[in-house]
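Please read the structure below before turning to the comments.
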Amino acid sequence: MNESFRNAPFFLDDEELAWVDETYSELTLEQKVGQLFNLIVRANSAEELSLIDTIQPGAITKFVGRDLDTEVKMMNQLRSHSFIPLLVSGDLEGGGMSFPFGAQVPNQLGLAGLKDESAVEYCTKVIAQEAKLLGVNWSFTPVVDINAKFRSAVVGTRSYGSDVDVIESMSRSNITTFQKNGIAATAKHWPGEGFDDRDQHLVTTVNPLTMSEWEERYGRLYRSAIDSNVMSIMSAHIALPEYVKSHDDNPEEWWRPASVSKLLNEKLLRGELGFNGLIVSDASVMAGLSSWAKRENVVAEVIENGCDMLLFCKDPVEDYAFLLKAVRDGRVSEARLEQAVMRILAMKAALGLHEKQQEVSVSQFNDLLASNYADRIPELNRRTVHLVKNRHGILPINLERHKRVLIISTGIRHVFSPEPAPLNVASMLKSEGFDVTEFQAGMALNVKEYDLLLYLNADESMLVKSHIYIDWMALHNGFGNAMYRPWVDIPTVMVSFGHPYLLYDAPKVPVYINAYSPLLEVQKAVVEGLLGRLRFNTDAAIDPFCGLEQLRY
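First residue of the sequence shown? That's 1 in full-length UniProt numbering, and the numbers climb one at a time after it.
In structure tokens, the structure reads:
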């Protein structure tokens, strides 16, 4: 019996500890290895159910589609195919990651600009209520990365900004609220993203801080999360060379990703910070890890070097075979296998999964939707919209001065959607009586025919995009137009429904608004703000001027 599980963050009692011990003792070697996997379920397919039968994973990460009935049916099937209760995880970050049929909750950066811890608590409770009824019991939040490099597309709108005080208070609220509602929280991305503007989906990124600088920032944030009893931490494909240098004189090792680093997972996180919860790797298919070593070595190193669970697979059956072979060969020790599986079972017990689970129910979710559980969400979305600058008295707009509006838009971009989705701003302005033209490929960019130009960009933080910037040639459709800036000839407003640093590429645009996400309520708020009916927020959790005075003018 592992007595340490009586302590934080699991706090198991005698009955729960007994379940962990008995369950572990009854598992075959093959079943123990299966528990180490967190498989992705996106297609709701028979093939995915077959993988659950074959591998019997400890967890799945569920990507939720648009049809509630389909999601509920699949969740019940997934659970019924698992011999041991499943951990069901998701990126419960709000914004574009909100459940399509649920409340459209502001993302972390939008919330951070409100500087209101109670708003984080409220939004987290809304997400938790929905998730629990869908059978999700593990959130891959909060993101405790620091928005230090404005070119970082992968941190961007996912973090609580750049102020460590704000990040700490809001992440504590996120952790406490999720776990109070029966969902394990996860602090990510260990050992800290944000000072490298690259994306670990594409390259092993580097936390370049000295250890004293790291302690002031990430050390503080992770110690705070651990003090808040966070149940899990996600070990990412990020190197922390200044720590490793003090323990290893081999330069090759200085750049080792945390996800396969015994020094960072066991010595620093467990030993020095005292974390006793579950360590899950970030997605093992990312180039930040897959570029490190051959696949058969990667899956073994993730577990042997301190992670308790491997997130996502290149080929689940092949990865399972690789890991089973590594255990049999001794490349994953018996001690590490036992520690990892016991900790996974302990988190399941802490969440009450050892008790009989009710089926997920469409009617229960519909009952929730019919209640006033999320009545404040529209108001909070409206409050997130930040007016960064308004020069030359362009706002508010009106029909007398700005009747003819030209909109140039990227549409809503999402990594899992091949084509951008349209924004609703044009139709909203039309309903107010404006004559709206939406710029299309092949049109002449002749601003003399209009009274107002409105740029609408909608890139929330994007995986595998590397950087988010204004692609003027694509936006203006052509080489010549790429060099033309219409605001010298026409009143111009730029709105970002996502990445908050577009001023860097458009420093002289006279009006700039950060809306942080393209949720419908946020779009409505932007339109009402343009018309002078809504008072914009004037605060932010990041510096939209990117540290450059030029961008203010």
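Yeah, the Cβ is synthetic: ideal placement off N, Cα and C, and Gly gets one too. Predicted model only: the values in this text are computed from it and were never measured.
Take the Cβ of Thr186 as the centre, count every other Cβ of all protein chains shown within 10 Å, and call the residue buried at 16 or more, exposed below.
Flag for Thr186 reads buried.
Here's the rule: buried if 16 or more other CB atoms are within 10 angstroms of the residue's CB, otherwise exposed. What is Ser4?
The Cβ neighbour count for Ser4, taken over all protein chains shown within 10 Å, is under 16; the residue is labelled exposed.
How big is the Cα-Cα spacing for Ile470 and Phe150?
Approximately 13 Å, taken between the alpha carbons.
Residues near Gly156 by beta carbon distance below 6 Å, same chain, minus five either side
Apart from sequence neighbours up to five positions away, the residues of its chain that approach Gly156 with a beta-carbon distance below 6 Å are Ser461, His499, ordered along the chain.
Closest Cα partner of Asn38 within the set Arg336, Glu521, Val317, Ala474:
Its Cα nearest to that of Asn38, the residue Val317 stands out among Arg336, Glu521, Val317, Ala474.
Cβ contact (3+ pairs, closer than 8 Å) linking the region 359 to 377 and the region 499 to 515
They do not touch, by the three-pair rule.
Buried or exposed: which applies to Gly550, given that a residue is buried once 16 or more other Cβ atoms fall within 10 Å of its Cβ?
According to the sequence shown, residue 550 is Gln rather than Gly. So Gln550 ends up on the exposed side.
Note down the Cα distance separating Asp165 from Ala321, rounded to an integer number of angstroms.
Taking the straight line from one Cα to the other gives about 45 Å.
In whole angstroms, give me the CA-to-CA distance for Cys313 and Gln440.
If you take the alpha carbons of Cys313 and Gln440, they lie about 40 Å apart.
Below 7 Å CB to CB, which residues in the same chain sit around Ile344 once its five sequence neighbours on both sides are set aside?
Same-chain partners within the cutoff: Gln35, Gly58, Leu278, Asp308, Met309.
Buried or exposed (CB count within 10 angstroms, at least 16 for buried), Trp138
Looking at its Cβ environment, which holds 16 or more other Cβ atoms inside 10 Å, Trp138 is buried.
Measure how close the beta-carbons of Lys78 and Ile60 come, nearest whole angstrom, since I'm counting them as under 8 Å.
Per the sequence shown, the amino acid found at residue 78 is Leu instead of Lys. Right, the Cβ-Cβ distance comes to about 6 Å (below 8 Å), so this counts as a contact.
Just list the residues that DSSP pairs Asp163 with in beta bridges.
For Asp163, which the question treats as bridged, DSSP gives no partner whatsoever.
Closer than 6 Å by C-beta to Val493: which residues in its own chain qualify, once you throw out the five before and the five after it? Chain order, please.
Around Val493, the same chain offers Leu454, Val511 as residues with beta carbons nearer than 6 Å, after the five sequence neighbours per side are excluded.
Distance between Ile412 and Glu253 (C-alpha atoms, nearest Å)
When only Cα atoms are considered, Glu253 and Ile412 end up about 40 Å apart.
For His467, three-class secondary structure by DSSP
Note: His467 maps to coil in three-state DSSP.
Taking C-beta to C-beta, are Cys546 and Tyr516 nearer than 8 Å?
Taking 8 Å as the Cβ cut-off, Cys546 and Tyr516 do not qualify as a contacting pair.
Sequence-distant residues of the same chain with beta carbon closer than 6 Å to Ala540, five excluded per side:
So the qualifying residues of the chain are Gly113, His386.
With respect to the alpha helix (DSSP H) encompassing Leu337, which residues constitute its N-terminal and C-terminal limits?
Taken as a continuous stretch (DSSP letters only), the alpha helix (DSSP H) holding Leu337 covers 334 to 350.
Go ahead and label Leu456 buried or exposed: buried means 16 or more other beta carbons lie within 10 angstroms of its beta carbon, across all protein chains shown.
Result: buried.
Run through DSSP, which three-state label would Gly90 get?
Gly90 falls in the strand class under three-state DSSP.
Could you tell me the distance, in whole angstroms, from the CA atom of Ser152 to the CA atom of Tyr450?
About 35 Å.
What are the partner residues of residue 563, as DSSP defines its beta bridges?
No answer is possible for residue 563: the residues shown for the chain start at 1 and end at 553.
Less than 8 Å separating the beta-carbons of Pro106 and Leu380?
Pro106 places its beta carbon less than 8 Å from that of Leu380.
With the cut-off set at 8 Å, would you say Gly102 and Glu71 are in Cβ contact?
No, they are not a contact pair.
Between the Cα of Trp214 and the Cα atoms of Leu202, Ile226, Phe195, His392, which residue gives the shortest distance?
Among Leu202, Ile226, Phe195, His392, the Cα nearest to that of Trp214 belongs to Phe195.
Inspect the beta-carbon positions of Thr210 and Glu168 and report whether they are closer than 8 Å.
Going by beta carbons, Thr210 and Glu168 fall outside the 8 Å limit.
For the region 424 to 436 against the region 397 to 408, are there 3 or more C-beta pairs whose distance is under 8 Å?
The answer is yes - the region 397 to 408 touches the region 424 to 436, with three or more Cβ pairs under 8 Å.
According to the neighbour-count rule (16 or more other Cβ atoms, all chains shown, within 10 Å of its Cβ), is Gly288 buried or exposed?
Sixteen is the threshold: when 16 or more other Cβ atoms of the shown chains lie within 10 Å of the Cβ of Gly288, as they do, the residue is buried.
If we call anything under 8 Å between Cβ atoms a contact, is Ser171 one with Ile146?
The Cβ atoms of Ser171 and Ile146 do not sit closer than 8 Å to each other.
Taking all protein chains shown into account, decide if His392 is buried (16 or more other Cβ within 10 angstroms of its Cβ) or exposed.
Of the other Cβ atoms in all chains shown, fewer than 16 fall within 10 Å of the Cβ of His392; this residue is therefore exposed.
Just mark Val120 as buried or exposed, buried being the case when its beta carbon has 16 or more other beta carbons within 10 Å.
With a 10 Å radius around the Cβ and a threshold of 16 neighbouring Cβ atoms, Val120 comes out buried.
So is Trp255 buried or exposed if we call it buried at 16+ other beta carbons inside 10 Å?
It counts as exposed.
Let me check understanding here. Comparing Cα to Cα, which of Ser290, Val230, Lys132 lies closest to Leu202?
Answer by Cα proximity: Ser290.
Which word fits Thr384, buried or exposed, when buried means at least 16 other C-beta atoms lie within 10 angstroms of its C-beta?
That one is buried.
Same chain, Cβ closer than 6 Å to Gly532, neighbours up to 5 away in sequence not counted:
Excluding residues up to 5 positions away in sequence, Pro396 lie with their Cβ nearer than 6 Å to the Cβ of Gly532 in the same chain.
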